[in-house]
Ligand SMILES: Nc1ncnc2c1ncn2[C@@H]1O[C@H](COP(=O)(O)OP(=O)(O)OP(=O)(O)O)[C@@H](O)[C@H]1O
Ligand SMILES: [Mg+2]
């Protein structure tokens with residue numbers, strides 16, 4: 003697109019005491035597209051969203067929304083954005099309809115417009131039947147949908163969704179995904195934070211992977227996947243106690259080091275494709291390891307994260323002391339999947 007990008011973020015920094023929540027991140031979002039900001043707990047996603055929503059002052063760096071500076075022109079920025087925060091910002095005691103009306107008043111929208119827009123959004127998010135009930139009686143999925151509706155009340159040109167499906171069951175998650183796609187179809191620009199690699203893969207046009215306040219990789223899902231270097235052999239052991247041995251076995255079949263991806267699963271780059279699976283099967287048999295699954299598969303974004311950081315995405319750096327120094331192909335510096 004020839005137009006200036008909807009969002010430009012340059013070298014943004016924000017520290018809380020010793021913690022560098024944002025350590026110089028750069029982002030760009032083209033109008034009408036979804037940027038997935040993907041990272042584990044504590045990566046800095048919410049901090050980035052709060053800065054872009056003018057709720058938090060950065061220490062340094064620069065961020066613009068449709069040409070307006072988030073620090074110098076916060077009022078202009080606020081008229082352009084909608085935010086559905088990580089914790090649904092709905093009032094438990096009010097009904098769904100009352101919540102939307104209240105948000106409309108906060109935006110100083112004319113009462114008649116608030117009424118019609120609220121009804122339209124209640125309908126769209128399948129909340130019309132529940133609109134008269136207090137929100138405390140709503141399910142988690144209904145709260146999310148109401149929060150999403152509230153964030154759209156003022157027809158924002160850009161919408162920030164901070165982990166919109168965390169805690170939802172697969173069905174509700176799929177519903178939210180569908181609603182997000184419809185918004186983009188109508189031209190809304192979206193910044194979506196997520197810890198779900200699958201979610202970024204399904205929804206985002208571009209993905210920025212962040213970790214410890216830094217962008218550590220960026221590109222489309224396909225670019226990120228191909229940058230990990232092709233297919234992987236995946237083994238699921240019958241007993242979690244055997245995982246260490248399985249990792250050693252997989253590491254022995256080629257040059258690549260194997261890694262564990264959960265309690266019972268280990269993976270290694272399939273350097274020889276299908277032949278690597280045969281090698282793995284033979285080596286596992288020799289070691290008399292019981293496995294429930296052995297497969298060749300395309301890399302997922304989990305592999306991308308593991309490849310870049312040396313740890314799986316849901317494993318917080320502090321959870322086991324120092325970050326592991328091993329891991330296959332761990333790289334210290336930021337990497338661009340797209341050249
Ligand atoms: N107000 C604050 N005061 C002190 N530390 C903070 C504050 N807000 C965030 N942090 C710290 O900054 C880092 C980044 O936090 P942030 O909430 O941006 O992460 P996140 O990626 O949104 O994580 P999650 O997936 O858990 O929501 C964390 O180490 C967090 O503890
Ligand atoms: Mg967060």
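Residue numbers (the working numbering): 3 to 341. Beta carbons are placed, not taken as given, at the ideal position from N, Cα and C, and that holds for glycine.
The alpha helix (DSSP H) that contains residue 66, what's its start and end? For residue 66, no alpha helix (DSSP H) run applies; the uninterrupted beta strand (DSSP E) run containing it begins and ends at 62-67, by DSSP.
When you get a sec, list the residues whose CB is within less than 5 angstroms of any heavy atom of ligand 1, chain order please. The set of residues with a C-beta under 5 angstroms from any non-hydrogen atom of ligand 1 comprises 18, 21, 23, 43, 44, 45, 46, 47, 48 and 49, given in chain order.
Just to confirm, does residue 121 get its C-beta within under 7 angstroms of one of the non-hydrogen atoms of ligand 2? In this structure, residue 121 has its beta carbon at no less than 7 angstroms from each heavy atom of ligand 2.
Tell me where the alpha helix (DSSP H) around residue 299 begins and ends. Note, residue 299: premise wrong, no alpha helix (DSSP H); beta strand (DSSP E) at 293-299.
Report yes or no: do the region 63-70 and the region 104-114 share at least 3 C-beta pairs separated by less than 8 angstroms? Fewer than three Cβ pairs drawn from the region 63-70 and the region 104-114 lie within less than 8 angstroms of each other, which leaves the two stretches out of contact.
Compute the Euclidean distance between the alpha carbons of residue 171 and residue 260, then round it to the nearest angstrom. Between the C-alpha atoms of residue 171 and residue 260 there is a straight-line separation of about 32 angstroms.
Inter-residue Cα distance where the pair is residue 163 and residue 288: If you take the alpha carbons of residue 163 and residue 288, they lie about 50 angstroms apart.
Which stretch, first to last residue, makes up the alpha helix (DSSP H) that contains residue 311? According to the DSSP assignment, residue 311 belongs to the alpha helix (DSSP H) that extends over 303-311.
Could you name each continuous alpha helix (DSSP H) segment of 4 residues or more that falls completely within the region 42-103, going from the start of the chain to the end? Those alpha helix (DSSP H) runs which fall completely within the region 42-103 and span 4+ residues are 47-54 and 76-82.
Let me check understanding here. Comparing Cα to Cα, which of 64, 266 and 245 lies closest to residue 12? Out of 64, 266 and 245, 64 has the C-alpha closest to the C-alpha of residue 12.
Measure the alpha-carbon distance for residue 242 versus residue 292 and round it to whole angstroms. Between residue 242 and residue 292, the C-alpha separation is close to 10 angstroms.
Taking only the alpha-carbon atoms, compute the straight-line gap between residue 115 and residue 93 and give it to the nearest angstrom. Taking the CA atoms as reference points, residue 115 sits about 21 angstroms from residue 93.
Determine the extent of the beta strand (DSSP E) in which residue 176 is found, giving its start and end residues. Looking at the DSSP string, residue 176 is not in any beta strand (DSSP E); the run it does join, the alpha helix (DSSP H), is 172-187.
In this structure, does DSSP put residue 139 in helix, strand or coil? Taken through DSSP and simplified to helix, strand or coil, residue 139 comes out as helix.
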